[in-house]
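2 protein chains.
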Amino acid sequence: MSAAPNRDRQAERREATRREIIDAAWGIARRDGLAAVTLREVAAMIGMRSPSLYSHFDSKNAIYDAMFGQAWTLYLAEMRERPLPAAPREAVLAIAEHFFAFSLADVPRYQLLNQHAIPGFTPSEAAYAPSVEVVGLLQDTLRGLGVTDGADVDLFLALCGGLLDRQLANEPGGDRWVGQLPRVIDMFADEVGLPGPSLRRSR
Amino acid sequence: MSAAPNRDRQAERREATRREIIDAAWGIARRDGLAAVTLREVAAMIGMRSPSLYSHFDSKNAIYDAMFGQAWTLYLAEMRERPLPAAPREAVLAIAEHFFAFSLADVPRYQLLNQHAIPGFTPSEAAYAPSVEVVGLLQDTLRGLGVTDGADVDLFLALCGGLLDRQLANEPGGDRWVGQLPRVIDMFADEVGLPGPSLRRSR
DNA sequence: GTCTATATTCTGATAGAC
DNA sequence: GTCTATCAGAATATAGAC
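Below, the structure written as structure tokens:
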């Protein structure tokens with residue numbers, strides 16, 4: 001019931017080209033910002049002309065869409081394979097630290113995933129799916145640690161995003177805000193009643 | 001030592017035209033978003049042609065710059081004339097509620113003032129000045145309430161921004177995040193040691 | 001699938017008459 | 001100060017040959 005070998009090779013080649021396009025777009029975004037991504041330059045980076053991209057993506061936004069889905073899928077995979085400390089308070093901090101590290105490692109990626117950085121772009125349902133899964137996994141994980149209220153999950157995301165956004169907006173590259181993460185996680189853990197010693201004093 | 005009356009009238013007229021241009025730009029931004037502001041449409045809204053705008057502003061970014069300065073100046077004025085409750089905890093909540101109301105009343109304005117929403121735009125020092133004054137006034141006010149550490153001011157801004165950003169990004173028009181403001185201010189007040197009863201139970 | 005060539009549209013900005 | 005006319009350039013996207 002499998003397709004002919006020739007078909008497999010073609011599909012593989014197509015997928016490889018799609019990935020080349022997406023990688024080139026990420027490269028431009030990291031170098032010059034998300035808005036600087038143009039079809040001409042994406043094509044040029046992989047030795048193509050811009051119209052050829054339309055053999056692989058229906059539009060420019062379809063490229064952003066693929067980037068969005070790919071990045072959330074990567075984050076989901078990292079979440080799944082990442083071991084967590086047994087102590088609830090330490091575990092919540094580890095989740096937040098992972099999110100911070102992922103975000104700070106690639107700011108344009110953070111802007112695409114978490115801010116509305118591209119005017120005309122709204123992710124498709126398919127690309128949105130892994131981000132929904134991330135939130136679901138986060139909810140399950142937090143529930144396992146004792147955080148059962150959905151509003152508490154919202155609060156956790158707001159606290160993390162608040163530190164990250166201020167850091168990136170006011171002092172990119174510094175740690176004036178993100179350095180307060182243990183303190184904020186302590187506040188959160190106290191608020192929702194997680195046991196364990198203070199994260200700040202025990203370090 | 002004053003200028004001739006004719007000069008005053010001319011200066012007034014010039015200032016009025018500048019304000020017309022800025023108001024038209026705000027109108028477009030509120031209707032279609034910040035990025036939708038074009039010189040052609042700004043000019044059309046006040047019965048002009050786009051090249052005429054260059055008699056009043058050096059560039060499109062100079063218009064954004066004036067909008068930025070104007071909005072922060074307005075917020076600064078509102079802060080100054082707004083009375084605060086005597087109880088520290090209530091006062092901090094009132095400051096945050098004012099910030100939320102101002103932000104939610106005009107989302108594109110919030111994006112211009114607090115997010116990096118315009119790719120090529122960086123505010124000039126002159127336009128930035130009132131925003132620095134706002135932070136200074138906030139620091140002074142919080143100090144008067146017992147919040148003396150600069151890191152605590154950073155924390156306050158991160159907490160407020162975190163709720164606002166998540167609300168606007170995920171559920172504009174709702175109150176799933178901003179409704180948690182009293183809770184978050186309670187957390188902040190507890191953390192920095194402000195006296196007074198819980199804001200949630202006393203309401 | 002990739003190419004050349006081009007359509008279409010829009011942008012901010014400038015030149016120069018009045 | 002405002003206008004007409006235009007520049008110079010960018011962008012996404014399409015048509016059709018190969």
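Going down the list, the protein sequences come from chains A and B. Sequence positions in the first sequence follow UniProt numbering and run 1 to 203. Sequence positions in the second sequence follow UniProt numbering and run 1 to 203. C-beta atoms are modelled at their ideal positions from N, C-alpha and C, and glycine is treated no differently.
Helix, strand or coil at residue i [DSSP, three-state]
| i | result |
| --- | --- |
| Pro195/A | coil |
| Asp154/B | helix |
| Gly162/B | helix |
| Leu84/B | coil |
| Gly136/B | helix |
| Asp149/B | coil |
| Asp90/A | A small fix is needed here, since residue 90/A is Glu in this sequence, not Asp. Helix, per DSSP. |
| Ala77/A | helix |
| Arg176/A | coil |
| Glu12/B | helix |
| Ala4/B | coil |
| Arg183/A | helix |
| Arg143/B | helix |
Residue burial classification, residue i (beta-carbon count within 10 angstroms, cutoff 16)
| i | result |
| --- | --- |
| Asp186/B | buried |
| Ser55/B | exposed |
| Arg49/A | exposed |
| Arg89/A | buried |
| Gln111/A | buried |
| Asp140/B | exposed |
| Pro83/B | exposed |
| Asp152/B | buried |
| Gly161/B | buried |
| Gly174/A | exposed |
| Gln115/B | buried |
| Arg166/A | buried |
| Val132/B | exposed |
| Gly47/B | exposed |
| Leu74/A | exposed |
| Leu137/A | exposed |
| Ala117/A | buried |
Separation of residue j from residue i, as counted between CA atoms
| i | j | result |
| --- | --- | --- |
| Ser103/A | Ala87/A | 24 Å |
| Met67/A | Arg19/A | 10 Å |
| Asp8/B | Met79/B | 31 Å |
| Pro130/A | Ala71/A | 9 Å |
| Thr122/B | Pro197/A | 44 Å |
| Pro172/A | Ala4/B | 50 Å |
| Ile63/A | Ala25/B | 31 Å |
| Leu113/B | Gly33/B | 14 Å |
| Pro108/A | Gly144/B | 39 Å |
| Gly179/B | Phe188/A | 17 Å |
| residue 230/A | Ala77/B | Residue 230/A lies beyond the range of chain A shown here (1 to 203); nothing can be said about it. |
| Ala96/B | Asp58/A | 45 Å |
| Asp154/B | Leu164/B | 15 Å |
| Asn170/B | Ala126/A | 17 Å |
| Ala35/B | Ala29/B | 7 Å |
| Val192/A | Gly150/A | 11 Å |
| Ala91/A | Arg14/A | 41 Å |
| Pro182/A | Leu159/A | 11 Å |
is_contact[residue i, chain B] using C-beta, thresh 8 Å
| i | result |
| --- | --- |
| Pro119/A | yes |
| Glu97/A | no |
| Arg176/A | yes |
| Gly136/A | no |
| Gly33/A | yes |
| Asp165/A | yes |
| Gly173/A | no |
| Ala158/A | yes |
| Asp154/A | yes |
| Gly196/A | no |
| Gly162/A | yes |
8 Å Cβ cutoff, residue i in contact with chain A
| i | result |
| --- | --- |
| Ala29/B | no |
| Asp149/B | no |
| Gln139/B | no |
| Asp23/B | no |
| His116/B | yes |
| Met187/B | yes |
| Asp106/B | no |
| Gln180/B | yes |
| Gly193/B | no |
| Ala169/B | yes |
Residue i: CB within 7 Å of a non-hydrogen atom of the ligand ATP
| i | result |
| --- | --- |
| Leu74/A | The ligand ATP is absent from the structure shown, which contains no ligand whatsoever. |
TODO: Only counting runs of 4 or more residues, tell me where the alpha helix (DSSP H) segments fall wholly within the segment 98 to 134 of chain A, in order along the chain.
DONE: 107 to 114
Task: Every unbroken alpha helix (DSSP H) within the UniProt domain "HTH tetR-type" (15 to 75) of chain B, with a cutoff of 4 residues, ordered by chain - done: 39 to 45
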